[in-house]
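The next block holds one structure in the form of structure tokens; read it before the comments.
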Amino acid sequence: MSSFIGQTSGMAAGTLASRITGVFRDIALVAAIGTGVFSDTYSVANSIPNIIYILIAGGAINAVFIPALVRHMEDDDDQGKQFTDQLLTLVGLVLLGIVVLTVLIAGLIVHLYATRLWTPEEFDVATMFARWCLPQIFFYGIYTLASQILNSRNSFSLPMYAPIVNNIIVIATAAIFVSLMTAVPTASSVTSSQLNLLGFGTTLGVMAQALILIPALSKAGYRFRPNFNFKGVGNGKVGNLAKWTIGFVLVNQITFLMVSNLTTLANALVSGDPGTVAVGFTSYQKGQLMMMLPHSIITVSVITALLPRLSRQAHDKDLSAFGGELSASLRLVTALIIPSAVFLLATGPWIGSLLYGYGASSAAQGAALGAVASMFALGLPAFSLFYVLLRSYYAQENTKTPFMINLGFNALHILIGLALFSLLPEGLQVAGLALGYSIAYAITCGLTWLRVGKRVPEIRGNGHLRLMVRVVAASFVSALVAYVLVRLTITNQTDLSALRLGLAIGIFAATFSVIYLGLAKVLRISEVSAVLALVRRK
Numbered sequence: 057m058s059s060f061i062g063q064t065s066g067m068a069a070g071t072l073a074s075r076i077t078g079v080f081r082d083i084a085l086v087a088a089i090g091t092g093v094f095s096d097t098y099s100v101a102n103s104i105p106n107i108i109y110i111l112i113a114g115g116a117i118n119a120v121f122i123p124a125l126v127r128h129m130e131d132d133d134d135q136g137k138q139f140t141d142q143l144l145t146l147v148g149l150v151l152l153g154i155v156v157l158t159v160l161i162a163g164l165i166v167h168l169y170a171t172r173l174w175t176p177e178e179f180d181v182a183t184m185f186a187r188w189c190l191p192q193i194f195f196y197g198i199y200t201l202a203s204q205i206l207n208s209r210n211s212f213s214l215p216m217y218a219p220i221v222n223n224i225i226v227i228a229t230a231a232i233f234v235s236l237m238t239a240v241p242t243a244s245s246v247t248s249s250q251l252n253l254l255g256f257g258t259t260l261g262v263m264a265q266a267l268i269l270i271p272a273l274s275k276a277g278y279r280f281r282p283n284f285n286f287k288g289v290g291n292g293k294v295g296n297l298a299k300w301t302i303g304f305v306l307v308n309q310i311t312f313l314m315v316s317n318l319t320t321l322a323n324a325l326v327s328g329d330p331g332t333v334a335v336g337f338t339s340y341q342k343g344q345l346m347m348m349l350p351h352s353i354i355t356v357s358v359i360t361a362l363l364p365r366l367s368r369q370a371h372d373k374d375l376s377a378f379g380g381e382l383s384a385s386l387r388l389v390t391a392l393i394i395p396s397a398v399f400l401l402a403t404g405p406w407i408g409s410l411l412y413g414y415g416a417s418s419a420a421q422g423a424a425l426g427a428v429a430s431m432f433a434l435g436l437p438a439f440s441l442f443y444v445l446l447r448s449y450y451a452q453e454n455t456k457t458p459f460m461i462n463l464g465f466n467a468l469h470i471l472i473g474l475a476l477f478s479l480l481p482e483g484l485q486v487a488g489l490a491l492g493y494s495i496a497y498a499i500t501c502g503l504t505w506l507r508v509g510k511r512v513p514e515i516r517g518n519g520h521l522r523l524m525v526r527v528v529a530a531s532f533v534s535a536l537v538a539y540v541l542v543r544l545t546i547t548n549q550t551d552l553s554a555l556r557l558g559l560a561i562g563i564f565a566a567t568f569s570v571i572y573l574g575l576a577k578v579l580r581i582s583e584v585s586a587v588l589a590l591v592r593r594k
């Protein structure tokens, strides 16, 4: 456990640094473009490259590449060099072709993801942004593949730090954009040069994030040589695994289509009322990113270290070690992610107002964005634990079962999301979609745990449930005491300055942390003690 936590902590530090700069990137962007309809034109367009990349190649690479690479490294005489060259060449060519095609049909793609209530001018702006952003597809592929090669060679840190370069470039771009604007930007008020600045700067960041990893590959002992002999790359096992993974992400994108259309609709419906707080796609996206911050620091770091180990244990048929690693990972994530979720649930509107209440946005719009994040926080533990559980299937190169599970999750998400969106009033509809997301994950995670437990006895029994109860109790008691203290001292006024909001969040965080750590010791939550011991040694 201690060596595993030590390896994870190094990656968590890199992830934390990149995520913190990512928060500053989002602050800069919201200050530049706000949370209204114009911001949605940018956010939707900038989401499309990631969507297409994940749909076409990303899911297959993430779920299939590491297990297949581990297998080739252990079984092939050249430690998987030929397989890696073939795959890099093939994926690079495919992604370049996709970039050319999608740039040509950018307008059609934008119409898929946006409400019909947008004006022709707003669609034109989104299409222009999309044409600038779509080349990111190629660089996402380079970054992902290079990261996976480095991970397979036990070089985990640099891929975690690389996004910092991306974030810095986007922050600089947003700052220049703000300096050129004299009012809250709209589709009719911005110039072509200002749109080009935002689009170019955004894609330049992704390009830099990918290219910075290339020298690290040589240092890790891998030198790429193009190999156009693709025989065996898409054959039998890998091709069949990728088929189910592509199905997995395709189902996700169908749900994303619903979310994108409903959230852009929610913003368009209130765009003509200056007294209504703008809450739309940008608010949904940034709120989800706030929820993803602890997940990325804790869970993704755990899984990045865990997946190659699980893959090797599955390859060696060491089922006892496989179950032990999975159980330890679930316990570690449980002890750290639940308090993070409770913290965000309680402080979401304060954080949103503090971070996203400037420039083209306002304190009220920031608080509304934070309320969306609080609804996402309700599902954060289930989301993270589900993420760990699915990796147990991927380590065994089983992608069919995750597809079937994901199909059920997305059906739940669509049904619950549509119901809440139609029942809730304008202004709360986007928060309702976030709540539906959380409910769907809670149900899906519970059912998945039971299913995985049938073949991994180490996660069965009451041990994990007792841990969850102790962690939930400690988290809510800590949050309640911290909230009462802050309400009595700092937030007993209706209008809060940025300074008072910062003090409120700081006092809440300090009080919450001290009480939770104390309760963790009293309740014998050993995973927290192990992390603390590591921190002291550092």
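According to my numbering, the residues represented by the sequence shown are 57 to 594, in order. The C-beta atom is built at its ideal place from N, Cα and C for all residues, glycine as well. Keep in mind the model is a prediction, meaning the values are calculated, not measured.
Item	Value
Straight-line Cα distance separating Asp-133 from Leu-345	43 angstroms
Ala-69 to Gly-328 span [Cα, whole Å]	44 angstroms
Same chain, Cβ closer than 8 angstroms to Arg-279, neighbours up to 5 away in sequence not counted	Leu-273
Element boundaries [alpha helix (DSSP H), containing Arg-526]	519-545
8 angstroms CB neighbourhood of Gln-265 in its chain, flanking five on each side removed	Phe-195, Tyr-199, Ala-218, Pro-219, Val-221 and Asn-222
Delimiting residues of the alpha helix (DSSP H) encompassing Val-155	137-160
Cβ neighbour criterion (16 or more within 10 Å) applied to Gly-331	exposed
Any non-hydrogen atom of the ligand SAH within 6 angstroms of Thr-171 CB	Among the components modelled here there is no ligand, and therefore nothing to report on the ligand SAH.
Rounded separation between Ile-407 and Leu-72 - CA only	17 angstroms
Residue burial classification, Arg-75 (beta-carbon count within 10 angstroms, cutoff 16)	buried
Straight-line Cα distance separating Ile-83 from Leu-144	35 angstroms
Leu-386 to Phe-337 span [Cα, whole Å]	32 angstroms
DSSP-derived helix/strand/coil call for Gly-277	coil
Reference Ala-554, options Lys-577, Val-156 and Ala-420, closest by Cα	Ala-420
C-beta contact flag for Arg-447 and Ile-227 at 7 angstroms	no
Same chain only: Cβ atoms within 7 angstroms of Leu-152, ignoring 5 sequence neighbours per side	Phe-194
C-beta contact flag for Ala-438 and Ala-397 at 7 angstroms	no
Where Arg-526 falls, given that 16 or more other Cβ within 10 Å makes a residue buried	buried
CA nearest to the CA of Ile-270, picked from Leu-254, Ser-248, Lys-299 and Gln-204	Gln-204
The region 84-101 / the region 403-417 touching (three or more Cβ pairs under 8 angstroms)	yes
Gln-138 versus Lys-287 - alpha carbon distance	11 angstroms
Span of the alpha helix (DSSP H), counted from its first residue to its last, around Phe-459	456-479
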